[in-house]
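Notes follow once the structure below has been shown.
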Amino acid sequence: MVKSRKSGDQLIVYLSGEIDHCSADRMRGEIETLLEDARIRRLVLNFENVGFMDSSGVGMIIGRYKTMRERGGTVIACGLKPPTEKLFRMAGLHRIIAQEDAGRQE
Amino acid sequence: MNNRMELSFLSLAENEAFARMVISAFLMQLSPTMSLVSEVRTAVSEAVTNAVVHAYSGRADGRIFLRAALDEQKVEIEVEDFGCGIEDVAQAMTPFYTSQPDQERTGMGFSLMLSFMDGVHVTSAPGSGTLVKMTKLLQEEDIDAV
Numbered sequence: 000m001v002k003s004r005k006s007g008d009q010l011i012v013y014l015s016g017e018i019d020h021c022s023a024d025r026m027r028g029e030i031e032t033l034l035e036d037a038r039i040r041r042l043v044l045n046f047e048n049v050g051f052m053d054s055s056g057v058g059m060i061i062g063r064y065k066t067m068r069e070r071g072g073t074v075i076a077c078g079l080k081p082p083t084e085k086l087f088r089m090a091g092l093h094r095i096i097a098q099e100d101a102g103r104q105e
Numbered sequence: 000m001n002n003r004m005e006l007s008f009l010s011l012a013e014n015e016a017f018a019r020m021v022i023s024a025f026l027m028q029l030s031p032t033m034s035l036v037s038e039v040r041t042a043v044s045e046a047v048t049n050a051v052v053h054a055y056s057g058r059a060d061g062r063i064f065l066r067a068a069l070d071e072q073k074v075e076i077e078v079e080d081f082g083c084g085i086e087d088v089a090q091a092m093t094p095f096y097t098s099q100p101d102q103e104r105t106g107m108g109f110s111l112m113l114s115f116m117d118g119v120h121v122t123s124a125p126g127s128g129t130l131v132k133m134t135k136l137l138q139e140e141d142i143d144a145v
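Chains as they are written, first to last, in numbering that gives the first Met the number 0: chain A, 0 to 105; chain B, 0 to 145.
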């Protein structure tokens, strides 16, 4: 199970390991279940423990962005490491998902 | 140094991570930088995922080959499958094109291979499979100073 923390209208999801097609399918289901709580308006994805991500991970993030956008909410990313941040930029994710310091949400 | 390897595995999603581990381990003999390893394993991950997701459409009994060869100048990689093949390779390689838009696919796989590698060549025939050949030219800065 993906680790998470809820407070008010904010949900922090602590992603970990490698996000590829195989693991993204599982993460998608788990995060969508957590987002069934309609109060959540701010989804924070913490990448501190993500060692690898490819385009399947990008697809999973865009999917959650769409879920949040439909309810007028936002997605924030934090703790991106250089290779993941590079992928973020190449995919244009930095234009729709703001980045914050990992410590700010604690 | 000249070396080559060949690996064959089943078209299971779990083998995407396995293929990345193998290519990373094979590159270690070059004393590569993290950045080089990261780029090559992302390209391999995209190619193997295409084989699992598109060529074999989730079938678990397909065969995928991963081959790699390296020397002082370059790393050459092949990912081959014997799945459904690609009817229109140019269309498949168009950024953001995906044949499965409802599956949260980004259509970025080939774009990332092209961005991270110096050459990507795709040979495919409907019904017989796809061969993706990728080349990475090694620069001095790709090798970790000892």
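Idealized CB from N, CA, C, for every residue including glycine. As the structure is a computational prediction, the values presented were derived from the model and not from experiment.
Cβ contact (3+ pairs, closer than 8 angstroms) linking the stretch 119-130 of chain B and the stretch 75-85 of chain B: When Cβ pairs closer than 8 angstroms are counted between the two stretches, the stretch 119-130 of chain B is seen to touch the stretch 75-85 of chain B, the count reaching three or more.
- request: Check distances from the C-beta atoms of the stretch 94-128 of chain B to those of chain A and list, in chain order, the residues that come in under 7 angstroms.
  value: Residues passing the 7 angstroms Cβ filter: E103, R104, T105, M107, G108, L111, S114.
Does chain A have any CB closer than 7 angstroms to the CB of B/E140?
Taking the second sequence and counting its residues from 1, the one referred to as residue 140 of chain B is at position 141. No - not a single Cβ of chain A is within 7 angstroms of the one on B/E140.
Ends of the beta strand (DSSP E) at B/V119?
-> Indexing the second sequence from 1 puts residue 119 of chain B at position 120. According to the DSSP assignment, B/V119 belongs to the beta strand (DSSP E) that extends over 118-124.
query = When DSSP builds the beta bridges, which residues end up paired with A/I18?
reply = Along the first sequence, read from residue 1 onward, the residue named residue 18 of chain A stands at position 19. Looking at the DSSP assignment, A/I18 forms a beta bridge with A/M52.
- Task: Tell me whether A/K65 sits in a helix, a strand or coil according to DSSP, three-state version.
- Result: Residue mapping note: residue 65 of chain A aligns to position 66 of the first sequence, counting from 1. Looking at A/K65 - three-state DSSP - the assignment turns out to be helix.
Note to self: List, in chain order, every chain B residue whose beta-carbon is nearer than 9 angstroms to that of A/V49.
What the structure shows: Here the question's residue 49 of chain A lines up with position 50 in the first sequence. Under the 9 angstroms cutoff, chain B gives no residues; its nearest Cβ is about 12 angstroms from A/V49.
Contact list for B/A12 against chain A, beta-carbon separation under 7 angstroms:
Taking the second sequence and counting its residues from 1, one reaches residue 12 of chain B at position 13. Correct list: H20, C21.
- Task: Please state if the CB of B/A50 and the CB of B/D80 are separated by a distance shorter than 7 angstroms.
- Result: Mapped onto the second sequence, residue 80 of chain B falls at position 81. Mapped onto the second sequence, residue 50 of chain B falls at position 51. Yes, they are a contact pair.
| Own chain partners of A/L14 with C-beta closer than 8 angstroms, once the 5 adjacent residues on each side are dropped | Here residue 14 of chain A refers to the residue found at position 15 of the first sequence. These residues qualify, in order along the chain: V1, M26, L44, N45, F46, N48, V49.
Any chance the stretch 57-69 of chain B sits against the stretch 59-68 of chain A, with 3 or more Cβ pairs inside 8 angstroms?
In short, these stretches do not touch, since the Cβ pair count stays below three.
Under 7 angstroms from the C-beta of B/S56: neighbouring residues of chain A | On the second sequence, position 57 is the one that residue 56 of chain B refers to. Result: empty, since nearest Cβ-Cβ is about 13 angstroms, beyond 7 angstroms.
Open item on the list: If contacts are defined as beta-carbon pairs under 8 angstroms, then A/M89 and B/S10 qualify, I think. What distance do you get, rounded to the angstrom?
Closed with: Residue mapping note: residue 89 of chain A aligns to position 90 of the first sequence, counting from 1. Residue mapping note: residue 10 of chain B aligns to position 11 of the second sequence, counting from 1. The Cβ separation is near 27 angstroms, so there is no contact.
Just the Cα atoms here: how many angstroms apart are B/L35 and B/D141? Along the second sequence, read from residue 1 onward, the residue named residue 35 of chain B stands at position 36. Along the second sequence, read from residue 1 onward, the residue named residue 141 of chain B stands at position 142. Approximately 6 angstroms, taken between the alpha carbons.
Check your understanding: Given that a residue counts as buried once 16 or more other Cβ atoms are within 10 Å of its Cβ, and exposed if not, what is A/S55?
Key -> Here the question's residue 55 of chain A lines up with position 56 in the first sequence. Result: buried.
Would A/E84 count as contacting chain B if we go by Cβ distances under 7 angstroms? As a first step, residue 84 of chain A is located in the first sequence; it is residue number 85 there, counting from the start. Taking a beta-carbon distance threshold of 7 angstroms, A/E84 does not count as an interface residue toward chain B.
DSSP beta-bridge partners for B/Y55? Taking the first residue of the second sequence as 1, we reach residue 55 of chain B at position 56. B/Y55 is not bridged to any residue.
Task: Contacting residues, own chain, Cβ-Cβ under 6 angstroms from B/R40 (five flanking each side not counted) - done: For the purposes of this step, residue 40 of chain B is identified with residue 41 of the second sequence, where counting begins at 1. R19, I22, S23.
> Going along the chain, which residues of its own chain have a beta-carbon closer than 7 angstroms to the beta-carbon of A/L112, five neighbours each way excluded?
Replying inline: Residue 112 of chain A lies beyond the range of chain A shown here (0 to 105); nothing can be said about it.
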